[in-house]
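For reference, the structure discussed in these notes is given below.
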């Protein structure tokens, strides 16, 4: 084995070492300069360059102002070249998003989004500018904008508001008023986090620096709320910082988030550290002739000067001198990298410059006698067949496990993969010769009793020996990785080996990404799959996702969109066959057809999306997808298939809230389930007018007539209901002042409906005729009631009452002829008519009318006595007796026959207080009468 060391590429920076890794770029594709606008994607995977110097070999139109070119970061091979029709000086910012998209923000607040291959995807305007002012450039003194991978934040001093834009899929903005506080802001910065709401917003003001979490900003509704959550940052000097420098993408793990505060005029720089709970100033200094500042990590910063790059690192805020290290080079672009360090692109080379990790320095440091260095030397002696290898290994004694852990961690920081594999082999060598270690109490226990910690964030704990036999080792076989000390970022050999294998795969010609295992640990593996998918490296992304055990569905969905986009000239059936054939084993099992259909719909192939959705077996997923597309008719069919009324209500909700009654009608034509649910909702809400229009547009004449009757009845007998539905305000048949006329109008509508239906040959003909006749009588009654209310002063509340009540009211008003005429017109039964007159005379104490009724023998003969009821004369006499008209009763009793006459005389005697001694005959007749009453109840 060839023992190799990376020390030849190390340089000293104070008490730390700096490594520089360089590789050549492809000269013919390189045409950028420092005057162009640059954007470097994470891990240096892609580099976007916008230049106003057009390629002479390209034949562009005369109106082309500049050119967008996208290169691969590893070799700088050209990916695409896109002409732009805008001038370079109108470009405000160029940035790669966390979704692998290229975002360009122009001075007129227009945001244009491009794919990783330069395809234009969409555009929108920031909320900072009004729609009528589009085309007008932003005033940099009034509008301050900062962009990072997950969104943008900007302050408009004219409106006194701060805006938070989440992502770049469209305008998704949160606005918070901060008033005059906005006038004090001169610069913005963001410390990204994996959760967008946990990101930290840094605000440089004329009177200091403050910070606030985004999830606290979204809670604010006024400046008082904003002032409650904001925190002041104690800067070391009374300096007005006007720039915040931080890495634009969220990293995992590490000791915290480093960022830099800078004052351009004086060249003052302050290195800061955010640990999740506090902000700490590490050191500050002043540097001249610095054009740009970049975060290097571990408190160090990189300064871009005229003749190269200068690194600076201080150890104390007040006393220690600042150590510097200068690299002379001709730099075109510099960008901070994941996990620390920078990538510097020159005309023909790319350089990675970063702080050497403590683990790597412990192993390869000059003169290092650490256990890890001794373990590596022992391993080298073992491969050279030196008999003293085991003796050398014995020098570190019980520190073998700690030394192996450090070697495993140091392997992640090596750019040379051969050296990294050598360190992993050395760790395995040490563990194989010393599989136990004594614990603190002196007992010998297996290595699994070591202190354990979880996997570093971002990498799932799935690389176990059972699922990955090729990565089995003595350290990873017991589950969680083992750590040697609290200052070491050591993980199991299986995890380190996995990261190195992924880094090796990324260096292939397909992706051409040069990175290390430590950078991959700092990177969310889901973002890595998104990054590879954006470069159309779907197969490699699938292999890596399968190896790391992360979700492969986003990769497959991106492939589907790419396949549809490339198959623009293919028919839907051809694309359907191609997609289902290539996704055989995934589609419908691991990847729902609904998700595939949504990906196809995003490319405007809706017919193909519907074909794919028809294969979806999950009814809830299919229903949600159809509703999100606005295909409510098909969603209604799913509701019928699922036999769930909640689905029908969910289909109706967006149509009702959007005041789309025509959509409800169209949906209900072939869907009885949706129709019944809508009718029930309207009736529960008391929206009969909405329901009337619904039935009329649905051409349901019978239901429209019945609903008109219900509406008329609701006016006569109102029922309290809740809030009217949204569609209620869109429909109205009339605007009449009185409810009687409203009722008559509704009945006319119902009569017309049933009349048209009665003469037809359709269904419900017999029922319609019955309804027509009943409505005709009811309309006539209401018309007469309205006429009476108008003609009789003080009469009200008659409209809508029954015929009996109307006749009773007329008798009370002593309008006997009108009452008799009304009863005869509607063929009112005589018994009902006679009882109405009796009740009115009794209520009005009309003794004369009661006497007249008592002496009317013909009426007594026409009166039909109900079962167990009293005769007509008995009812009149009871009424007279209850009014105390005994003389009138006596005048009638005289004319009666003996049994009935004696009964009423006894009633009169009892009322007058005279005791009655019944004879035997009368007693037996009285007992018989009482028994008869008891028998008949």
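In the numbering used here, the protein residues as written are 154 to 1090. Idealized CB from N, CA, C, for every residue including glycine. Every value quoted in this text rests on a predicted model; they were computed, and no experiment measured them.
Here's the rule I'm using: 16 or more other beta-carbon atoms within 10 Å means buried, otherwise exposed. How should residue 822 be labelled?
Against the chain shown, residue 822 aligns to sequence position 669. When all chains shown are included, residue 822 counts as exposed.
For residue 176, does the count of other Cβ atoms within 10 angstroms reach 16, so buried, or fall short, so exposed?
Position 23 of the chain shown, counted from the first residue, corresponds to residue 176. Flag for residue 176 reads exposed.
Cβ pair count under 8 angstroms reaching 3, the segment 1027-1036 against the segment 989-1009:
In short, these stretches touch, since the Cβ pair count reaches three.
Would you mind stating whether residue 772 and residue 791 have Cβ atoms separated by less than 8 angstroms?
In the chain shown, residue 772 corresponds to position 619, counting from 1. In the chain shown, residue 791 corresponds to position 638, counting from 1. Yes; because the gap between Cβ atoms is below 8 angstroms, this pair is in contact.
When the Cα atoms are used, what is the spatial distance from residue 769 to residue 848?
Taking the chain shown and counting its residues from 1, the one referred to as residue 769 is at position 616. Taking the chain shown and counting its residues from 1, the one referred to as residue 848 is at position 695. Whole-angstrom Cα-Cα distance: 34 angstroms.
Taking only runs of the beta strand (DSSP E) that begin and end inside the segment 206-275, which ones reach a length of at least 3 residues, in chain order?
Taken in chain order, the whole beta strand (DSSP E) runs of length 3 or more contained in the segment 206-275 are 219-225, 231-237, 244-249, 255-259, 263-267.
Output the distance between the C-alpha atoms of residue 1042 and residue 1005, rounded to the nearest integer angstrom.
Your numbering for residue 1042 matches position 889 in the chain shown. Your numbering for residue 1005 matches position 852 in the chain shown. Rounded to whole angstroms, residue 1042 to residue 1005 spans 12 angstroms at the Cα level.
In chain order, what residues of the same chain lie with their CB nearer than 7 angstroms to the CB of residue 989, ignoring the 5 residues before and after it?
For the purposes of this step, residue 989 is identified with residue 836 of the chain shown, where counting begins at 1. Only 957, 960, 961, 964 meet the Cβ criterion.
With DSSP run on the structure shown, which of helix, strand or coil describes residue 339?
Against the chain shown, residue 339 aligns to sequence position 186. Strand.
For the alpha helix (DSSP H) containing residue 1029, list its first residue and its last residue.
Stepping through the chain shown from its first residue, residue 1029 is reached at position 876. Here the alpha helix (DSSP H) through residue 1029 covers 1025-1035.
Extent of the continuous alpha helix (DSSP H) run through residue 352
Reading the chain shown from its first residue, position 199 is the one you call residue 352. In this chain, residue 352 is not harboured by any alpha helix (DSSP H), its DSSP state being neither H nor E.
For residue 649 versus residue 565, is the C-beta spacing smaller than 8 angstroms?
Translated into positions along the chain shown, residue 649 becomes position 496. Translated into positions along the chain shown, residue 565 becomes position 412. In this structure, residue 565 lies closer than 8 angstroms to residue 649 by Cβ.
List the DSSP bridge partners of residue 820.
The count along the chain shown starts at 1 and reaches residue 820 at position 667. Residue 820 is not bridged to any residue.
Give the list of continuous beta strand (DSSP E) stretches no shorter than 3 residues that lie fully inside the segment 408-495.
The segment 408-495 contains these whole beta strand (DSSP E) runs: 410-416, 421-427, 432-439, 445-450, 453-458, 461-466, 476-481, 486-489.
Short check: CB of residue 991 to CB of residue 1032, under 8 angstroms?
Mapped onto the chain shown, residue 991 falls at position 838. Mapped onto the chain shown, residue 1032 falls at position 879. Their beta carbons are under 8 angstroms apart, which means residue 991 touches residue 1032 by this criterion.
Label residue 641 either buried or exposed according to how many other C-beta atoms from any shown protein chain fall within 10 Å of its C-beta, with 16 as the threshold for buried.
For the purposes of this step, residue 641 is taken as residue 488 along the chain shown, with counting starting at 1. Caution is warranted here: a pLDDT of 45 is assigned to residue 641, below 50, making its placement in the model unreliable, and no coordinate value can be reported.
Per-residue burial, residue 778 [other beta carbons within 10 Å of its own, 16 or more giving buried]
As a position in the chain shown, residue 778 is number 625, starting the count at 1. By the 10 Å Cβ count, residue 778 comes out buried.
What are the boundary residues of the beta strand (DSSP E) that includes residue 191?
The count along the chain shown starts at 1 and reaches residue 191 at position 38. The continuous beta strand (DSSP E) containing residue 191 extends over residues 190-193.
Whose CA, out of 323, 528, 662, 533, lies closest to the CA of residue 547?
As a working mapping, residue 547 is identified with position 394 in the chain shown. Cα-wise, what sits closest to residue 547 is 528.
Own chain residues within Cβ distance below 7 angstroms of residue 669, not counting five before or after
What you label residue 669 is simply residue 516 of the chain shown in a count that begins at 1. For residue 669, where only same-chain residues beyond five positions count, the Cβ hits under 7 angstroms are 565, 566, 567, 568, 656.
Decide if residue 215 is buried, meaning its Cβ has at least 16 other Cβ atoms within 10 Å, or exposed.
Stepping through the chain shown from its first residue, residue 215 is reached at position 62. Per the 10 Å Cβ criterion, exposed.
Cα-Cα separation between residue 341 and residue 228, rounded to whole angstroms
One-based indexing of the chain shown puts residue 341 at position 188. One-based indexing of the chain shown puts residue 228 at position 75. The C-alpha of residue 228 is placed about 34 angstroms away from the C-alpha of residue 341.
At least three beta-carbon pairs within less than 8 angstroms, the segment 519-534 to the segment 495-506:
In the pairwise beta carbon analysis, the segment 519-534 is classified as not touching the segment 495-506: fewer than three pairs are separated by under 8 angstroms.
Over what stretch of residues does the alpha helix (DSSP H) that includes residue 1008 continue unbroken?
If you number the chain shown from 1, residue 1008 lands on position 855. Unbroken run through residue 1008: none, as it is neither H nor E.
Among all the DSSP beta bridges, which residues are the ones paired with residue 175?
Position 22 of the chain shown, counting from 1, holds the residue named residue 175. DSSP, once it has assigned bridges, lists 504 as partnering residue 175.
Classify residue 430: buried if its beta carbon has 16 or more other beta carbons within 10 angstroms, exposed otherwise.
One-based indexing of the chain shown puts residue 430 at position 277. It is exposed - the Cβ of residue 430 has fewer than 16 other Cβ atoms within 10 Å.
Using DSSP bridges, identify the partner residues of residue 330.
The residue labelled residue 330 in the question sits at position 177 within the chain shown. Answer is 314, bridged to residue 330.
Per-residue burial, residue 294 [other beta carbons within 10 Å of its own, 16 or more giving buried]:
Residue numbering aside, residue 294 sits at position 141 when the chain shown is read from its first letter. Classification for residue 294: exposed.
Name the residue from 556, 982, 492 whose alpha carbon lies nearest to the alpha carbon of residue 512.
Within the chain shown, residue 512 is the residue found at index 359, counting from 1. Across the set 556, 982, 492, the C-alpha of 556 shows the shortest separation from the C-alpha of residue 512.
For residue 383, name the three-state secondary structure that DSSP assigns.
Position 230 of the chain shown, counted from the start, is the residue given in the question as residue 383. If DSSP states are grouped into helix, strand and coil, residue 383 belongs with coil.
Beta-carbon separation of residue 699 and residue 225 under 8 angstroms?
Along the chain shown, one-based indexing puts residue 699 at 546. Along the chain shown, one-based indexing puts residue 225 at 72. No.
In angstroms, rounded to a whole number, what distance separates the CA positions of residue 260 and residue 315?
Here residue 260 refers to the residue found at position 107 of the chain shown. Here residue 315 refers to the residue found at position 162 of the chain shown. About 18 angstroms.
Distance check for residue 765 and residue 788, CA to CA, integer angstroms please.
As a working mapping, residue 788 is identified with position 635 in the chain shown. As a working mapping, residue 765 is identified with position 612 in the chain shown. Each residue's Cα considered, the two are about 15 angstroms apart.
Taking the DSSP output, what are the residues bridged to residue 166?
Residue 166 sits at position 13 when you count from the first residue of the chain shown. The partner list for residue 166 (beta bridge, DSSP) reads 169.
Per-residue DSSP class, three states only, for residue 405
Walking along the chain shown from the start, residue 405 turns up at place 252. It is coil, neither helix nor strand.
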